[in-house]
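Just so we're aligned: the sequence shown equals residues 7 to 268 in our numbering.
Read through the structure below, which is laid out as structure tokens, and then see the notes.
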Amino acid sequence: MHPLVSQDDIDSYQRDGVVLIKGLFADHVDALRAGVARNMENPGPYASNNDKPGETGRFFDDYCNWERIPEFAQVIHGSDVAQVAADLMQSKTVQLFHDHVLVKEPGTSMATPWHQDGPYYFAEGRQNVSFWSPLDPVTEATLRCVAGSHLWEKPVLPTRWVKGDAFFDPAPYMPVPDPDTEAMDIREWQMEPGDAVAFNYGILHGARGNQSTTRRRAFSLRLLGEDATYTERPGPTSPPFPGHDMVQGQRLREDWFPMLMG
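So, in structure tokens, the structure goes:
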């Protein structure tokens with residue numbers, strides 16, 4: 007077991023689907039900040055400023071850039087994140103899915119809507135983990151996660167963040183709930199740069215806007231365990247990964263999604 011992870015952390019992750027790992031990227035904050043700066047100067051094809059009518063500030067996000075942002079690759083391969091992921095997932099293998107950068111400039115009013123990541127993805131399996139790590143101290147703009155929501159019987163309808171419309175046919179999904187008004191068990195932490203929230207792809211999560219006077223930069227990394235397979239969705243997924251050529255039930259191709267352990 008990695009020194010940053012206790013048996014209580016593993017038990018909490020398996021039961022609640024979310025746990026805080028203090029200092030996971032503490033030695034890599036400067037590299038990640040440099041990578042985010044490089045990413046924002048040279049956005050990828052999926053980048054967005056989330057320009058929602060009536061909202062103020064800038065909410066930049068972009069994903070799937072680790073192959074062209076050297077700092078991201080350096081941290082993915084040079085940190086202990088794979089070992090920590092293996093412990094939490096209880097998996098002998100760890101496979102890279104993708105990275106995600108989310109930056110809320112000072113005065114950004116737009117909240118990150120409540121959502122589950124899993125319904126957007128073409129990856130299926132119980133063994134998975136996302137790490138969300140702030141590169142600035144965070145209080146009110148921290149990540150908020152609903153404990154146990156990865157065990158709900160139906161997934162939450164995936165929607166587009168700016169337009170708010172449904173990604174797929176709503177029929178198989180439950181409507182997006184409001185955890186604040188429904189008195190759900192919301193977990194959130196004040197965090198220092200390099201801390202990380204680890205959460206299952208099925209966890210309902212979101213984040214408030216950033217009304218502080220400082221930026222809120224965050225680096226997120228999505229990893230998969232040994233039971234992960236490709237699954238068809240009712241339409242294009244996010245990320246889309248065009249031309250992947252995988253079929254239902256197939257292991258994700260390792261030339262696109264490299265193994266970090268095992």
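Using N, Cα and C, we set each Cβ at its ideal position, and we do this for glycine too.
- The way I'd put it, the region 143 to 161 does touch the region 191 to 209; three or more beta-carbon pairs between them come closer than 8 Å.
- Of GLN217, GLU198 and ALA234, the smallest CA-CA separation from ALA224 is found for GLU198.
- The beta carbon of GLU130 lies closer than 6 Å to those of THR235 and THR237 in the same chain, with the five residues before and after it left out.
- Spanning the alpha carbons of PHE263 and TYR69 requires a straight line of approximately 14 Å.
- Note on ASN48: under 16 other CB atoms within 10 angstroms of its CB, so exposed under the neighbour-count rule.
- Excluding its 5 nearest sequence neighbours in each direction, TYR52 has C-beta neighbours in its own chain below 7 Å: ASP68, TYR69, CYS70 and PRO245, listed in chain order.
- Between VAL135 and LEU102, the C-beta gap is not smaller than 8 Å, which leaves the two residues out of contact.
- Per DSSP, the unbroken alpha helix (DSSP H) holding SER18 starts and ends at 13 to 22.
- Around the beta-carbon of ARG21, fewer than 16 other beta-carbon atoms lie within 10 Å, marking it exposed.
- Where PHE205 is concerned, the enclosing beta strand (DSSP E) starts and stops at 202 to 205.
- Across the structure, SER218 and LYS28 are spaced so that their CA atoms are roughly 23 Å apart.
- Taking 8 Å as the cut-off, the Cβ atoms of VAL253 and LEU141 do not count as close.
- In the structure shown, TYR126 falls within a helical segment according to DSSP collapsed to helix, strand and coil.
- In the structure shown, the three-state DSSP call for LEU141 is coil.
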